[in-house]
Structures are given as C-alpha cells and as structure tokens.
Amino acid sequence: MKLIIHGGFFSESSTNHETKVAKQQALERIVKDSYEFLKTHSALETVVYAVSLLEDDELFNAGFGSQIQSDGKIRMSAALMDGATQKMSGVINIEAVKNPIQVAEVLLQYDDRILGGSGATHFARQNGFEKYSTEIPQRRAEYEAKRKASGTGTVGCVALDTNGKLAVATSTGGKGFEIPGRISDSATVAGNYANAFCGVSLTGVGEDIVSNATAAKIVTRVTDGFSIQEAFTKTFNELKPYDGFAGAIGIDHKGNVFHQDSHPSMVFASFDGENFEVFQ
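Numbering (my numbering), first residue to last: 12 to 291.
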C-alpha cells in the first residue's frame, strides 16, 4: 500500500515560516490518517477520503478556503479517476458545496460523469449536498485588495491499495480573480489521470498543464514501459519551452512513488506505513 498527497505550491499565499510548518504538520496528519483508512478501504475510496480532508483544511486552496473569482464568487472543480475501470468523473465550476470531490464520487455511478456550472451545483443539491460557504476571511481580504494570487493552489491524492489497484483524486479552488467560466486542469485528464499502471495528480497553472497534457502523458508513458521517473522527467522537460508551471505526484502499479515540480516548491507528503516524507 502506498499513498502520496499534495497541497499546491508553497508560494500560493503566505510564505512565512509558521505557514510552512503548519502545512507540513497538516500534510503529515492527513497522509497518515488516510493511510490508516487505506488499510481497510479501496484506493478509490481512499483518494476521496484524503482529498476531502484537504478540502476541509483552510490552509489549502480547495473546498473550504478556495479562491474568489473576478466577480466575487467562488467556483470549484474536482475530479476522480479509478485506475481499474478507467472511469473518470468530475465537477467544474461548482458553487457552494463543502466537498466537491464527494460530488464527483457520486457522479462516478452515472453515465454523464462530468458536469459543469449550474448543472453541477444542481446535481449536488439533488443528491443531498447542502449549500455551504467555503469562503474564509483571508480570501475575501485578498479579493478586496485585488491582490492576485499566483494560481498554483490545488490538492490531490494518489493511492495504491492492497489489491494493487490505483486511484487518483484532485480538487481546486481556482487561481483567484479568473474570468468566470474558466476551466482548470483539475477536472481534465491533463491534471488527473489513472489506469492500471499509474496514477498522477497535478497542481500549478492550469493552462500550462493542459497545454502539455501532463498527467495523461506521464501515465501513458509508464503504460508503454517507461519507469515512473523517466516518464516524469520526459514530460516535465516538455514544459520547459514555455516555462510551464506544474507540480505532480504519482504512483505506479509496482508501488514506486514519485513527485516533481518545475518551480519550487510543491507541498506534498507520502507514507507507506513505514517511510514518511514531507516537503521541506
């Protein structure tokens, strides 16, 4: 069993020492709690569980604590992919729900599995997700001061379970001050992708990640025989011509865990029951 999570880039908001320590502690708590969950649950169930915990923590830009768009509203996106079935589900620009990843989980059972805008929000209400404000005072202050965030905040999880199955989940509160209707990479195969061979979750600038088809490329290359490190290296090299801003976490079917970023520093943590690693 293996597990790795990410919480965007450290440059996303406050960069003081206290924030860094708080994020390290939060990621350690969440990755270890999620690993305990993984012991008795599938990879698919676990990535939803882990990303829900990340969404609930205001230190990270997803769910509670999401960025505010240029019209003063919060719109979030999230996606889930089961490596065993290669089914993906997601919500794009959903509003006023506590855990967008849990709405994506419900959608996995439907034929129409990726919903956007008011349709996603309506689906959430129909399925018992109550209206919930994910705004925090810090985000409102940033908005009112028109202090643009760097656009690097997303959370994600990749898990490999006891049956050797992989799953990935990704959730974002957006980059802040974007044009309403903008679609991030998080609910696309560029930012969230898994099959039986590999699972990958991305964070960074969505437009850069989509231009490179990053997650899908990494997973495809592992499927075609690349090592996970080789797949990451080649794919990240392809970001360089346009200085693409991205960070990624991944696990392959052999249990190899890998992470890489194009610019410092993606915040992440991994745990396999014995070995723990967190960003420094």
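Glycine residues also receive a C-beta, built at the ideal position from the N, C-alpha and C atoms.
Contact check, residue i vs residue j, beta carbons under 8 Å
i	j	result
GLY18	VAL166	yes
PHE269	PHE247	no
ALA205	GLY94	yes
SER88	SER195	yes
SER63	GLU189	no
LYS43	PHE237	no
GLU39	VAL233	no
PHE140	VAL102	no
ILE229	LYS13	no
Nearest neighbour of residue i, chosen from the options [CA to CA]
i	options	result
GLN291	GLU285, GLY284, ALA280	ALA280
VAL169	GLU39, THR30, ILE260	ILE260
GLN78	MET12, TYR154, GLY130	TYR154
GLN120	GLY128, VAL108, LEU91, ARG136	LEU91
LYS245	GLN271, GLY266, ASN267	GLN271
LEU171	SER273, GLY284, ARG136	GLY284
LYS98	ALA178, THR132, PRO191	ALA178
GLU218	ASP122, THR30, ARG193	ARG193
LEU250	HIS274, ASP235, GLN35	HIS274
PRO191	ASP235, GLN36, GLY127	GLY127
Spatial neighbours of residue i in its chain, beta-carbon cut-off 7 Å, leaving aside the 5 residues before and after
i	result
GLU69	PHE75, GLY76, ILE147
PHE48	THR57, TYR60
ASN286	none
ILE239	CYS209, VAL233, GLY261, ASP263, ASN267, PHE269
ILE41	ILE16, ALA61, LEU64, LEU65
Buried versus exposed call for residue i [16 or more other C-beta atoms within 10 Å across all chains shown]
i	result
VAL278	buried
LYS142	exposed
THR252	Correcting the residue type first, residue 252 is Pro in the shown sequence and not Thr. Exposed is the call here.
ARG7	In the structure as shown, the chain begins at 12 and stops at 291. Residue 7 is therefore absent and cannot be evaluated.
THR173	exposed
GLU106	buried
VAL32	exposed
ALA152	exposed
ALA160	Per-residue confidence for ALA160 stands at a pLDDT of 48, beneath the threshold of 50, marking its modelled position as unreliable; the derived number appears in the next sentence. Classification of ALA160: buried, given that the 10 Å Cβ count is 16 or more.
SER129	exposed
ASN27	exposed
LYS84	exposed
ASN104	buried
TYR144	Note that residue 144 is Ser in the sequence shown, not Tyr. Its Cβ having fewer than 16 others within 10 Å, SER144 is exposed.
ILE15	buried
Nonlocal neighbours in the same chain, by C-beta distance under 6 Å from residue i, ignoring five residues either side
i	result
GLU66	ALA73, GLY74, ASN110, SER182
GLY184	ASN72, ALA73, SER77, GLN78, MET87
ALA135	VAL108, VAL114
ALA131	VAL102, ILE105
ALA37	ASP68, LEU70
Same chain, Cβ closer than 8 Å to residue i, five either side skipped, listed in chain order
i	result
GLY175	HIS264
ILE220	ASP196, ALA201, GLY202, LEU213, ALA226, GLY255, ALA257
ILE125	ALA90, MET99, SER100, GLY101, VAL102, ILE103, LEU118, ALA198
GLU29	none
Heavy atom of the ligand MG within 7 Å of residue i beta-carbon
i	result
THR30	Inclusion of the ligand MG in the displayed structure is not the case, the ligand content being empty and no account of it being possible.
Given 8 Å as the limit, is there contact between the stretch 68-82 and the stretch 44-55, that is, 3 or more CB pairs closer than that?
Touching, no.
With three or more C-beta pairs closer than 8 Å as the rule, is the stretch 110-123 touching the stretch 201-217?
They do not touch, by the three-pair rule.
Decide if the stretch 194-202 is in contact with the stretch 217-225; the criterion is three or more beta carbon pairs, one per stretch, under 8 Å apart.
Under the three-pair Cβ rule at 8 Å, the stretch 194-202 counts as touching the stretch 217-225.
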